[in-house]
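Working notes, beginning with the structure itself.
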Amino acid sequence: MDHPSPKSVLIVDDSRVSRMLIKSLILAQFPHWTLTEAVSGDEALALAAARSFDYCTMDINMPGLPGTEAAEQLLKMQPTVRVALFSADIQESQQVRAAQLGVRFVAKPVTQKSVALALAYFQG
Amino acid sequence: MTITGAQLDALTEIFNIGAGRAASSLSDIVGDEVLLSVPRVEFYRAHEVNANVLSLSSARLGSVKQKFRGPFNLTASLLFTEERALEIVQEMLGSQVQKEDLVEYEQEAMCEVGNIILNACLSAMADMLGISFESTLPEYSSAAPDLVIERLVLDADNPLLLVLHFNMLIEKRRSQGTLIFWLSSSSLQELMLHLEQFLSRI
Amino acid sequence: MEPEELDGGASWPLILDAVGLGLVLVDADARVLLWNAWLARHSGVSAQAARGKPLAAVFGTGLSASFVAALSNALRYRLPVVLSNVLHFCPLPLYAQTPADAATDRMPHAITMTPLVLPPWGACCLIQITDSSRAISRERVLQRQSDRLNREVMTDSLTRAFSRGFFDHFYQQEFARAQRKGIKLSLIMIDVDYFKDYNDAYGHPAGDKVLIAVVQALQAVLLRSTDKLARYGGEEFVVILPDCGEHKALAIAELLRAAVLALNLPHRKSGISNQLTVTLGVSTLKAGQTSSAQALLDAADQALYAAKSQGRNCVQRRSPQTVPAPA
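Chains as they are written, first to last, in my numbering: chain L, 304 to 427; chain F, 39 to 240; chain Z, 44 to 370.
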């Protein structure tokens with residue numbers, strides 16, 4: 304069976320439970336991928352300065368740097384990274400603005416369904 | 039019964055999602071940005087609870103209550119001082135409304151605000167845990183603080199109560215203040231059990 | 044005897060129709076399953092006309108955005124929702140008397156949505172509507188309410204389009220919402236060509252009749268419940284099209300122009316034709332564009348002016364200026 308090269312994912316969320324959930328749901332499908340965790344937007348940017356990532360999941364609602372700003376800055380640093388922004392409430396119309404920024408909104412809570420949407424965006 | 043760090047984390051996450059959903063609905067009504075955040079989730083023993091502890095000192099306390107039924111049952115209430123309620127109603131209706139009339143509108147308006155916040159939090163809980171709830175319609179009541187709290191404490195079979203504070207900010211310029219979300223469970227232990235089962239599956 | 048055994052179920056429709064509040068039952072797609080007599084009386088829409096249709100399509104003037112959002116939440120999360128008459132000004136177009144009479148007398152009402160699972164249809168939602176006019180008990184409050192209603196008269200009494208007062212309020216809300224969400228918004232300004240000359244030639248009563256006909260023709264084109272037509276001035280109208288881009292707005296403007304032409308109303312004093320025509324100006328706030336409500340309105344006005352200069356009976360467009368967001 305053909306294994307495409309493993310991807311590296313940056314998981315950013317202040318909730319440990321959410322990070323664990325995202326991690327386990329991704330590894331269930333792609334056990335060979337490298338997953339890195341960050342608890343804040345600032346930590347995420349610090350990690351991104353040191354190494355590149357293929358994909359990123361970013362919580363919008365975090366103390367300190369808001370997820371949307373962190374995502375924008377991350378994309379400036381690494382234009383090829385694909386970012387899925389996890390948000391409590393999604394309006395379909397926001398997807399337009401999201402596409403312009405180069406990200407995709409995914410509705411919280413973190414479930415198999417929402418992670419599947421993020422993965423589909425990453426791989427699509 | 040001890041609360042683990044993971045359980046607290048999961049509950050905080052649930053209520054943050056609920057706050058986000060509620061803020062979006064409230065923004066649609068007000069026509070401007072409403073921010074709702076949950077700085078902390080706390081557990082109290084029933085005998086520890088009084089108005090001062092909850093920062094709800096006032097002549098009158100309002101409450102909006104809904105009873106949720108599902109794999110386990112929960113009674114959730116939103117508590118607020120009359121001052122805070124009048125502020126919220128005024129900010130939502132805009133400057134056209136006269137202050138004297140606000141009191142007439144408070145009950146109906148807060149019933150709806152309470153319904154929005156309670157639904158948002160419990161639907162977030164349901165989505166996260168992969169379950170579903172039914173609920174009664176919101177019930178508004180208002181009385182002296184000690185009476186309201188006494189009634190709520192009596193409702194709970196369990197000595198432990200879940201309390202969280204909401205900070206609500208309307209239109210970026212006005213005052214912000216707390217609303218208390220109070221979860222008394224016919225068995226809070228059942229909620230924690232479901233939460234633990236959920237966490238163990240990760 | 045159990046309720047189900049009574050009359051083999053034949054009494055239930057009679058009971059539903061005798062109840063003194065509005066009852067609508069919708070399915071998971073918000074299509075009307077049941078519609079009682081109270082509601083038929085106060086909406087002017089019969090049960091036959093309503094049944095089977097999506098609720099949004101039942102009312103000519105459409106549903107408020109809050110109502111749509113509340114119903115969508117009730118259907119999705121299966122938790123009961125209340126809409127108070129305090130926070131929502133008449134979410135549904137209901138009248139104290141039949142709509143044919145007092146067009147401006149909207150009935151204040153409160154709404155409750157209760158999710159139910161019923162054997163024949165599965166997941167449904169029962170919507171209850173209660174008249175709130177009696178809830179406003181004190182005279183002073185009543186006086187203030189009717190002052191507010193008078194100042195914010197929702198519909199123009201002649202043409203039944205929305206009033207200028209309604210437009211001013213509604214437009215500000217819709218613009219703020221579009222800015223907040225970073226979505227599109229279009230305006231179409233419409234002017235009846237040589238209307239003063241029409242009045243001179245045919246008399247004012249005829250002029251009134253013609254405005255009514257024009258509005259009816261324009262309304263027939265606007266199919267989305269969120270698109271609203273308002274009377275802006277004497278012979279000037281404006282259409283708000285939320286979440287509508289420039290391409291589509293121009294297409295709709297063209298349809299509106301053609302609809303008036305199709306009326307074939309003779310106008311011997313028109314400077315450009317032997318029938319009544321309209322001129323239209325379109326402006327669009329792009330998705331994510333920062334501007335001001337006034338700038339968008341000005342752009343539509345300038346577009347209208349440009350179209351007039353082009354010879355009337357045509358459509359022109361102008362883009363609103365980008366205005367930096369207030370600090």
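For every residue, glycine included, the Cβ atom is placed at its ideal position computed from N, Cα and C.
Under the rule that a run must span 4 or more residues, the alpha helix (DSSP H) segments found entirely inside the region 346 to 400 of chain L read 370 to 380. Under DSSP, residue 205 of chain Z forms a beta bridge with Z:198, Z:273.
Assignment of residue 78 of chain Z by DSSP, reduced to helix, strand and coil, places it in the strand class. Your pair residue 156 of chain Z and residue 114 of chain Z checks out as a contact, with CB atoms roughly 6 Å apart and the cut at 8 Å. Apart from sequence neighbours up to five positions away, the residues of its chain that approach residue 320 of chain Z with a beta-carbon distance below 6 Å are 236, 356, ordered along the chain. Under the criterion of beta carbons closer than 8 Å, residue 279 of chain Z and residue 234 of chain Z qualify as touching, at roughly 5 Å.
Pairwise C-beta distances place the region 377 to 386 of chain L out of contact with the region 318 to 335 of chain L, as fewer than three of them are shorter than 8 Å.
Relative to residue 77 of chain Z, the option among Z:84, Z:68, Z:171, Z:85 whose CA is nearest is Z:68. When Cβ-Cβ separations below 7 Å define contact, residue 365 of chain L makes no contact with chain F.
For secondary structure counted as the alpha helix (DSSP H) over 4 or more consecutive residues, the region 60 to 127 of chain Z holds these complete runs in sequence order: 80 to 86, 90 to 93, 98 to 101, 108 to 120. At a cut-off of 7 Å between beta carbons, residue 327 of chain L contacts chain F. Residue pairing by DSSP places residue 106 of chain F opposite F:112, F:173 in a beta bridge. Going by DSSP, residue 280 of chain Z is part of the beta strand (DSSP E) stretching over 279 to 285.
Between residue 148 of chain F and residue 406 of chain L, the alpha-carbon positions lie close to 37 Å from each other.
According to the DSSP assignment, residue 234 of chain Z belongs to the beta strand (DSSP E) that extends over 228 to 235. Under the Cβ distance rule, residue 214 of chain Z does not count among the residues neighbouring chain F, no pair being separated by less than 7 Å. Among the CB atoms of chain L, one or more fall inside 7 Å of the CB of residue 48 of chain F. Boundaries for residue 71 of chain F: no beta strand (DSSP E) harbours it, and the DSSP string shows neither H nor E there. Residues of chain F with a Cβ closer than 9 Å to the Cβ of residue 155 of chain Z are, in chain order, 175.
Within the model, the alpha-carbon separation for residue 215 of chain Z versus residue 336 of chain Z is close to 7 Å. Looking from the CA of residue 344 of chain Z, the closest CA among Z:248, Z:231, Z:310 belongs to Z:231.
Our two residues, residue 228 of chain Z and residue 267 of chain Z, have alpha carbons roughly 14 Å apart in a direct line. Within the region 160 to 175 of chain F, those residues whose Cβ lies closer than 8 Å to any Cβ of chain L are, in chain order, 162, 165, 166, 168. For residue 300 of chain Z, the enclosing alpha helix (DSSP H) begins and ends at 289 to 305. In this structure, the beta-carbon distance from residue 74 of chain F to residue 206 of chain F falls below 7 Å.
Residue contact check for residue 335 of chain Z against chain F: no CB pair falls below 7 Å. Among the residues facing chain L, residue 205 of chain F is not included, as its CB has no counterpart in that chain under 7 Å away. For residue 83 of chain F, the secondary structure class from DSSP, reduced to helix, strand or coil, is strand. Against chain Z, the CB of residue 82 of chain F has no partner CB under 7 Å away; the residue lies outside that interface. When Z:329, Z:347, Z:339, Z:342 are compared, the shortest CA-CA separation from residue 291 of chain Z is found for Z:329. Residue contact with chain L for residue 157 of chain F: absent (no Cβ-Cβ distance below 7 Å to any residue of chain L).
The count of Cβ pairs closer than 8 Å, one atom from the region 43 to 50 of chain F and one from the region 88 to 104 of chain F, stays below three, leaving the stretches out of contact. Residue 162 of chain F is a Cβ neighbour of residue 56 of chain F, given a cutoff of 7 Å. Residue 107 of chain Z is not a Cβ neighbour of residue 66 of chain F, given a cutoff of 7 Å.
Rounded to whole angstroms, the Cβ separation of residue 282 of chain Z and residue 265 of chain Z is 7 Å, and the two are in contact under 8 Å. Chain-ordered listing is empty here: chain F has no CB closer than 8 Å to the CB of residue 406 of chain L, the nearest sitting near 17 Å.
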